[in-house]
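Residue numbers (this note's numbering): 10 to 268.
Structural data, given as structure tokens:
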């Protein structure tokens, strides 16, 4: 669903036509089941418009924006807060599937591994120190999740000086300036800018490191899923609901004043 395109061209005459065509194509698939993990109005509306008879979602208490009106097989969640991954798994468990021994699967192809090895980690096969991957960014709409650039710079210097580690900064296209601000404040100059082309390549880059340090973002969850230790820096978002979920070790650091 080209959501961003539709939002940008909301007043365009073509947008309603494209939306109708999108729904028509969904209906042609004749799906048997819909799972609405989002629990929001927009996801509920699309869920309903698919025409699928069985539409699984959350009860009124655990959904938002009237989402429960669009689903007809409602799942009740515990009254206490749980991780978002656990919340999604309960929706799957409702179907009778076993989730207790699930393993997150990140489909990293051999080509992805080769690309990462040749572009990000060349010449590091003999490096014996710890490899630390840092992700200082967040989506443009959530800058409040970001730890201060000065502190990232200080931690990076300490890791290099005290532990002889190698720092790998990950950054999306719109986060390059953020990383530049950090490295400009560092005393050390030995670091690697890591900008994979795909999420699976990013997962492979993270997998090759010994520790992930970063904000509450998608790369943090990728790190947990591929099984490396995670230091997660939380600001205003709830660490109970958004903490890294995986079999690897994870430490959540949170302070109400995130400056």
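We treat Cβ as the ideally placed atom computed from N, Cα and C, and that holds for glycine.
- From the DSSP output, in three-state form, read off residue 128 for me. Counting from 1 along the chain shown, the entry for residue 128 is found at position 119. Helix, per DSSP.
- Task: Taking only the alpha-carbon atoms, compute the straight-line gap between residue 96 and residue 234 and give it to the nearest angstrom.
- Result: Within the chain shown, numbered from 1, the residue matching residue 96 stands at position 87. Within the chain shown, numbered from 1, the residue matching residue 234 stands at position 225. Approximately 16 Å, taken between the alpha carbons.
- Look at the alpha carbon of residue 245 and the alpha carbon of residue 154, and state the distance between them as a whole number of angstroms. The sequence position of residue 245 within the chain shown is 236, counting from 1. The sequence position of residue 154 within the chain shown is 145, counting from 1. Rounded to whole angstroms, residue 245 to residue 154 spans 7 Å at the Cα level.
- Query: On the three-state DSSP scale, how would you describe residue 46?
  - Reply: Locating residue 46 in the chain shown gives position 37, where the first residue counts as 1. Residue 46 falls in the coil class under three-state DSSP.
- C-alpha gap between residue 205 and residue 149, whole angstroms: Position 196 of the chain shown, counted from the first residue, corresponds to residue 205. Position 140 of the chain shown, counted from the first residue, corresponds to residue 149. Linking residue 205 to residue 149 through their CA atoms gives a straight-line distance of about 19 Å.
- Query: What are the boundary residues of the beta strand (DSSP E) that residue 169 is part of?
  - Reply: Your numbering for residue 169 matches position 160 in the chain shown. Per DSSP, residue 169 is not a residue of any beta strand (DSSP E); the alpha helix (DSSP H) it occupies stretches across 158-172.
- Item | Test item: CB-CB of residue 136 and residue 217 under 8 Å | Against the chain shown, residue 136 aligns to sequence position 127. Against the chain shown, residue 217 aligns to sequence position 208. Against a cut-off of 8 Å, the Cβ pair of residue 217 and residue 136 comes out as no contact.
- Return the Cβ separation of residue 236 and residue 223 in integer angstroms, given the expectation that the two are a contact with Cβ distance under 8 Å. By 1-based counting over the chain shown, the position of residue 236 is 227. By 1-based counting over the chain shown, the position of residue 223 is 214. Between residue 223 and residue 236 the Cβ distance is about 16 Å, and since that is not below 8 Å, they are no contact.
- Message: For a test of the three-state rule: what should DSSP assign to residue 254, helix, strand or coil?
- Response: Taking the chain shown and counting its residues from 1, one reaches residue 254 at position 245. Residue 254 falls in the coil class under three-state DSSP.
- Task: Classify residue 189 as helix, strand or coil using the three-state DSSP reduction.
- Result: Start at 1 with the first residue of the chain shown, and residue 189 comes out as number 180. In the structure shown, the three-state DSSP call for residue 189 is helix.
- Query: What do you get for residue 65, buried or exposed, if any count of 16 or more other CB atoms within 10 angstroms of its CB means buried?
  - Reply: Along the chain shown, one-based indexing puts residue 65 at 56. Taking all protein chains in view, the Cβ of residue 65 is crowded by 16 or more other Cβ atoms within 10 Å, so the residue is classified as buried.
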